[in-house]
Amino acid sequence: TRDIGRVGAFEEELQESDKAKVEGTLDCLAGKAISPTTEAQCNLEAFCFTTRDTLREGTLKAKLAESDRAKLESAVQRTLGWLNSAQSIDKDDFDVKRNELESMVRAMESKADARNELTAYCFWTRENLREGALKDRVEENDKSTIETAICDTLNWLEVARWAEKNHFDAKHTELASVVAKMQSKADARRTLEAFCLTLQEKLKERVMEKVEAALQDTLEWLERADRPTGRGAPLRLETQEIGAPCEAGVRQ
């Protein structure tokens, strides 16, 4: 005979609420000196009932896909059946069973989280592309590329009932890579455009400096050209002196 009765007794007495089953299981621990094996047994029973309750009416009901809820409930039922037939089992056996069931619950939750995160990322990216920061940041043809990738991912989510967490993670990474590539391309384009405009302005400044220098040189040359040179005056005097006797001789 087991220390706290068979699981079948819990099933008969507490059919309406798994919460009541948990309370009944934990009551067997209160105020009693029990063996580690019995404590492990009670803890496993309580975990089974709690898990089934959250699957049917609690957080896991809304969080997990229907197929995963069915798998998890089957695992809970198998564990309860194992408990119902188990006799004189060591504490470690109960601990192993609980760890197996807990591991399965965590895997299902992790899978659901990955799926929900991918779905949310798809809709967030689409909204960001249409009305957010990506709207003015990414070129039109690149927006189309991202939109196509989002649609492909959402369609995959509709049919990939078989997918596991690693598949959702891979799809998330794939879509994020497409977005990052388009952002990087847009950033590189803007950087190059800004560099060209800056260089153009600098070249204009240098050209203007050269033009201004050339204009200044020309103006200075014109100013010098308007002034009489020092060599011109003596030359005219010499011409007059030489010419005077010739003119006198002609007159004579």
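Taking this note's numbering, the leading residue of the sequence shown gets 689, the next gets one more, and so forth. All C-beta atoms, glycine included, are put in the ideal place defined by N, C-alpha and C.
What did DSSP end up calling residue i once you bin it into helix, strand or coil?
i: I722; result: coil
i: R825; result: helix
i: R877; result: helix
i: I777; result: coil
i: A851; result: coil
i: E897; result: helix
i: E908; result: helix
i: L923; result: Note that L923 scores 47 on pLDDT, short of 50, meaning its location in the model is unreliable and no value can be drawn from it.
i: R766; result: helix
i: L842; result: helix
i: R740; result: helix
i: E819; result: helix
i: R915; result: coil
i: L806; result: helix
i: F811; result: helix
i: L903; result: helix
i: A868; result: helix
i: A753; result: coil
i: E797; result: helix
i: E862; result: helix
i: M792; result: helix
i: E835; result: helix
Going by the beta-carbon positions, is the gap between residue i and residue j smaller than 9 Å?
i: L732; j: V793; result: no
i: A763; j: L789; result: yes
i: V866; j: A837; result: yes
i: T841; j: L806; result: yes
i: A808; j: D857; result: no
i: A750; j: V826; result: no
i: F735; j: R786; result: yes
i: R877; j: A753; result: no
To which residues of the same chain is residue i closer than 8 Å at the C-beta, ignoring the five residues directly before and after it?
i: D756; result: M796, K799, A800
i: R814; result: E835, I838
i: L863; result: L806, Y809, C810, T813, A837, I838, T841
i: H860; result: A802, E805, L806, Y809
Can you tell me the Cβ-Cβ gap for residue i and residue j, rounded? I've got them flagged as a contact below 8 Å.
i: L768; j: L743; result: The Cβ separation is near 13 Å, so there is no contact.
Excluding five sequence neighbours on each side, which residues of the same chain lie with their C-beta closer than 7 Å to the C-beta of residue i?
i: L822; result: N816
Cβ of residue i versus every heavy atom of the ligand SAH: is any distance shorter than 8 Å?
i: K859; result: Of the ligands one can find in the structure shown there are none, so the ligand SAH has no counterpart to examine.
| message | Quick test of the definition: if touching needs 3 or more C-beta pairs under 8 Å, does the stretch 724-740 touch the stretch 780-788? | response | yes
| request: Could you tell me whether the stretch 892-905 touches the stretch 845-852, using the rule of 3 or more Cβ pairs below 8 Å? | output: no
| message | So, does the stretch 864-883 touch the stretch 822-832, judging by three or more C-beta pairs under 8 Å? | response | yes
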